[in-house]
Amino acid sequence: MVTDFEKRYIEARRALVSSDYAKLNDKQREAVLATEGPLLILAGAGSGKTTVLINRIANLLKYGRASDSEDVPAGATEEDIKKMQDGGEEGRRIAALDPVEPWRILAITFTNKAAGELRERLSRMLGSAGEEVMAGTFHSFCARILRRDGAPLGYSAHFTIYDTDDSKRVIKDILKDLGLEEKTFPPREVQSVISRAKNDCQTPEEFQAQWREINDFRKVNICKVYSLYNRKLREANALDFDDLLWHTVRLLETVPEVRDYYRRKFRYVLIDEYQDTNALQYRLAALLTGPGKNICVVG
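All residue numbers for the sequence shown refer to my numbering, where the first residue is 807 and numbers rise by one.
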């Protein structure tokens, strides 16, 4: 049962933390102050989604879970309540409850431009602490993981990342080697089919199994292209954009110690433009979320 003192302490703490975000509207402030557990933020374009993310990270760094907890520290006093009610730096120091280290926050966006804007605004608001927050795209974050921990999958830390043009060039070479006309097998279309297979976590063998008993000239040959494409990338110690996601999911699903490391490392996970995630990105987000389920998605 919550005592009268504990109730007044919690109210004073929440009021002080909330006052730091008085410039936000009610719903924005509610999202910023809800720190614990899963959170889905639905908002339209131009409604301040990035502002909410920035302020939410700022709140986690400064106050931790103070705005979303009923815990009262042992040894709390009436003087502490008064200092929080008065405001000021001492009151804010007292109000903080388990403030999180910046490197324990992961913020994922979909484009390099959005990631750059997020990092810039974090640095502007939080200084050096903002620069320590792990903010980037799904692909850049997966590349970091694979360079550090991808050895169990057979990749060295120095793998090359093939962009869309690189991948298309490899596919064109394979079509030529197989004697397949580009008019019949447009490289972009073949590339799209392979991409969908990888996003469905299908190896060339699993993809081929779908079409083994179907006498489909196009599908049978695309299966051959996919198999050769993967072999050429492996020989070149290279990964394409889809591989970055797929192999990171494979790594986290099959190597528990790596998965546990990242779950311990990131206390809070935030994902922007969540409506654009595919099934593979959803699996990645779930694998990164620890027992506290402190994941916030915005879309």
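For glycine and all other residues, C-beta sits at the position ideal for the given N, C-alpha and C.
Please state if the CB of Glu-896 and the CB of Lys-889 are separated by a distance shorter than 7 Å. Residue mapping note: residue 889 aligns to position 83 of the sequence shown, counting from 1. Residue mapping note: residue 896 aligns to position 90 of the sequence shown, counting from 1. Between Lys-889 and Glu-896, the C-beta spacing is below 7 Å.
Per DSSP, Cys-1102 forms a beta bridge with which residues? Here residue 1102 is taken as the residue at index 296 of the sequence shown, counted from 1. Answer by DSSP bridge pairing, in chain order: Leu-845, Leu-1076.
By how many angstroms is the C-alpha of Leu-984 removed from the C-alpha of Gly-1105? As a working note, residue 1105 is residue 299 in the sequence shown. As a working note, residue 984 is residue 178 in the sequence shown. Going by the C-alpha atoms only, they are around 44 Å apart.
So, with DSSP's three-state summary, where would you put Thr-1060? For the purposes of this step, residue 1060 is taken as residue 254 along the sequence shown, with counting starting at 1. Three-state DSSP puts Thr-1060 in a helix.
Taking DSSP as the reference, what is the three-state secondary structure of Thr-1095? Taking the first residue of the sequence shown as position 1, residue 1095 is located at position 289. If DSSP states are grouped into helix, strand and coil, Thr-1095 belongs with coil.
When Leu-1090, Gly-942, Leu-830 are compared against Glu-925, the one with the closest alpha-carbon: By 1-based counting over the sequence shown, the position of residue 925 is 119. For the sequence presented, residue 925 should be read as Arg rather than Glu. Checked all of Leu-1090, Gly-942, Leu-830; the closest Cα to Arg-925 is Gly-942.
For Gly-942, does the three-state DSSP call read helix, strand or coil? Here residue 942 refers to the residue found at position 136 when the sequence shown is read from its first residue. Three-state result, Gly-942: strand.
Tell me where the beta strand (DSSP E) around Asp-1046 begins and ends. Within the sequence shown, numbered from 1, the residue matching residue 1046 stands at position 240. Element bounds for Asp-1046: 1044-1046.
Would you call the segment 919-938 in contact with the segment 875-886, where contact means no fewer than 3 C-beta pairs closer than 8 Å? no
Give a yes or no on contact between the segment 891-909 and the segment 864-875, applying the rule of three or more CB pairs nearer than 8 Å. yes
If you pair each beta-carbon of the segment 815-823 with each one of the segment 1033-1050, do three or more pairs fall below 8 Å? no
Residues that Ala-828 bridges to, as DSSP identifies them: Against the sequence shown, residue 828 aligns to sequence position 22. Ala-828 pairs with nothing; no bridge assigned.
Can you list, in chain order, the stretches of the alpha helix (DSSP H) that have 4 or more residues and sit fully within the segment 899-941? 918-932, 934-938
Start and end residues, alpha helix (DSSP H) containing Tyr-869: Sequence index remark: in the sequence shown, residue 869 carries index 63 (1-based). Taken as a continuous stretch (DSSP letters only), the alpha helix (DSSP H) holding Tyr-869 covers 855-869.
Enumerate in chain order the residues of its own chain whose CB-to-CB distance from Gly-1098 is below 8 Å, with the five nearest sequence positions on each side excluded. Sequence index remark: in the sequence shown, residue 1098 carries index 292 (1-based). Excluding sequence neighbours, Gly-1098 sits near Glu-842, Gly-843, Arg-1073.
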